[in-house]
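Engineer: Dropping the structure in here first, questions after.
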Amino acid sequence: MKYFIICATMILFSCIESNGKKQVQQKKEIIQKSSEMNEIFPYTDKNVGEFYTFSTEQDRYIVTADEKKMNNFQHDKLILPIKENDFVIIPTVKDKYAITETLSFSSSIFCKVIVYNTIGDNDTPILNVQLDSYYNGQLRDQLLLDSRFTFETEYYRTFVINKDKSIKINKFSVNKLEFNEAGDILGEKKVADTVKVTVDYKLTDEGYFKKL
Numbered sequence: 001m002k003y004f005i006i007c008a009t010m011i012l013f014s015c016i017e018s019n020g021k022k023q024v025q026q027k028k029e030i031i032q033k034s035s036e037m038n039e040i041f042p043y044t045d046k047n048v049g050e051f052y053t054f055s056t057e058q059d060r061y062i063v064t065a066d067e068k069k070m071n072n073f074q075h076d077k078l079i080l081p082i083k084e085n086d087f088v089i090i091p092t093v094k095d096k097y098a099i100t101e102t103l104s105f106s107s108s109i110f111c112k113v114i115v116y117n118t119i120g121d122n123d124t125p126i127l128n129v130q131l132d133s134y135y136n137g138q139l140r141d142q143l144l145l146d147s148r149f150t151f152e153t154e155y156y157r158t159f160v161i162n163k164d165k166s167i168k169i170n171k172f173s174v175n176k177l178e179f180n181e182a183g184d185i186l187g188e189k190k191v192a193d194t195v196k197v198t199v200d201y202k203l204t205d206e207g208y209f210k211k212l
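To convert, note that position 10 of the sequence shown is 10 in UniProt numbering; the numbers rise steadily by one, no gaps.
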């Protein structure tokens with residue numbers, strides 16, 4: 001009986017020690033994951049510029065990231081609504097995106113900046129830059145930072161992401177064409193009409209993008 005109690009006690013301490021080591025390893029893993037993420041702020045549209053280009057041959061913006069390092073959209077990304085999605089961008093599982101940066105805000109919140117191409121109305125090719133927020137490793141929210149295309153109107157955005165979790169997006173619409181009353185294109189305007197709209201967001205402590 002005494003031998004049994006001694007053995008049981010040894011097994012109990014062994015299990016406690018093993019669980020303790022696992023908890024330490026898990027804690028270290030989370031810290032390493034957080035510390036390895038880039039914390040370069042402010043992060044702007046200029047930081048994403050190296051991942052796409054404008055093709056004069058195709059008259060469109062295209063992603064230039066290594067296709068082998070791009071990812072297909074998964075179900076969790078497709079079911080979440082995208083905020084500031086003015087042109088109803090709807091990626092599909094066939095579309096691919098490149099992760100341009102991972103931004104860490106706290107031990108529980110980080111964001112991924114992704115860039116991808118989609119097709120919009122009138123088969124217009126669109127380049128998109130999107131910010132995905134994660135809370136405790138789970139996808140929480142999605143915000144469209146930039147959409148770029150040229151059709152009858154040129155459209156693009158600029159943005160700034162700050163360390164304090166504030167986000168500013170400037171939307172530009174540039175109309176360069178002159179039309180007659182029948183809607184026919186006469187040519188380009190001497191001075192393009194440019195409309196600018198600014199929106200501000202804040203990333204909450206729960207990982208949601210809140211419009212201010």
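Idealized CB from N, CA, C, for every residue including glycine.
Source: prediction; values computed, not measured.
What separation, rounded to the nearest whole angstrom, lies between the Cα atoms of R148 and I126?
Structural biologist: 6 Å
Engineer: Is the Cβ-Cβ distance between V115 and T100 less than 8 Å?
Structural biologist: yes
Engineer: On the DSSP bridge list, what partners appear for Y52?
Structural biologist: V63
Engineer: Quick one, are the C-beta atoms of V195 and I169 less than 8 Å apart?
Structural biologist: no
Engineer: Could you check where the alpha helix (DSSP H) with L177 kicks off and where it finishes?
Structural biologist: No alpha helix (DSSP H) contains L177, which is instead part of the beta strand (DSSP E) from 166–179.
Engineer: In this structure, how does DSSP classify K210 when only helix, strand and coil are distinguished?
Structural biologist: strand
Engineer: Buried or exposed for F54, going by 16 or more other Cβ atoms inside 10 Å?
Structural biologist: exposed
Engineer: Decide if A192 is buried, meaning its Cβ has at least 16 other Cβ atoms within 10 Å, or exposed.
Structural biologist: So A192 ends up on the exposed side.
Engineer: Using DSSP with H/G/I as helix, E/B as strand and the rest coil, what is I126?
Structural biologist: strand
Engineer: Tell me whether K189 is buried or exposed, calling it buried when 16 or more other Cβ atoms sit within 10 Å of its Cβ.
Structural biologist: exposed
Engineer: Consult DSSP for L78 and reduce its assignment to one of helix, strand or coil.
Structural biologist: helix
Engineer: Less than 7 Å between C-beta atoms, sequence neighbours within five positions excluded: which residues of the same chain meet that for G187?
Structural biologist: E178
Engineer: In terms of residue numbering, what span does the beta strand (DSSP E) encompassing G187 cover?
Structural biologist: 185–203
Engineer: What is the residue span of the beta strand (DSSP E) that K112 lies within?
Structural biologist: 109–119
Engineer: Relative to the alpha-carbon of F209, which residue among G120, L80, R157 has its alpha-carbon at the smallest distance?
Structural biologist: L80
Engineer: When DSSP builds the beta bridges, which residues end up paired with K96?
Structural biologist: In DSSP, K96 forms a bridge with N72.
Engineer: Quick check on DSSP: helix, strand or coil for K22?
Structural biologist: Residue placement at K22 is poorly supported in this model, since its pLDDT is 42, which falls under 50; the coordinates still yield a value, given next. Looking at K22 - three-state DSSP - the assignment turns out to be helix.
Engineer: So, helix, strand or coil for K46, using DSSP?
Structural biologist: Reduced to three states, the DSSP call for K46 is helix.
Engineer: Just to confirm my understanding: we take A65, look at its own chain, exclude 5 residues before and 5 after, and list those with CB closer than 6 Å. What are they?
Structural biologist: F51, A98
Engineer: Nearest to K202 by CA position, among D164, E181, N180, S173, is which residue?
Structural biologist: For K202, the nearest C-alpha among the options comes from D164.
Engineer: Within 10 angstroms of the Cβ of N128, are there 16 or more other Cβ atoms? Answer buried if so, exposed if not.
Structural biologist: buried
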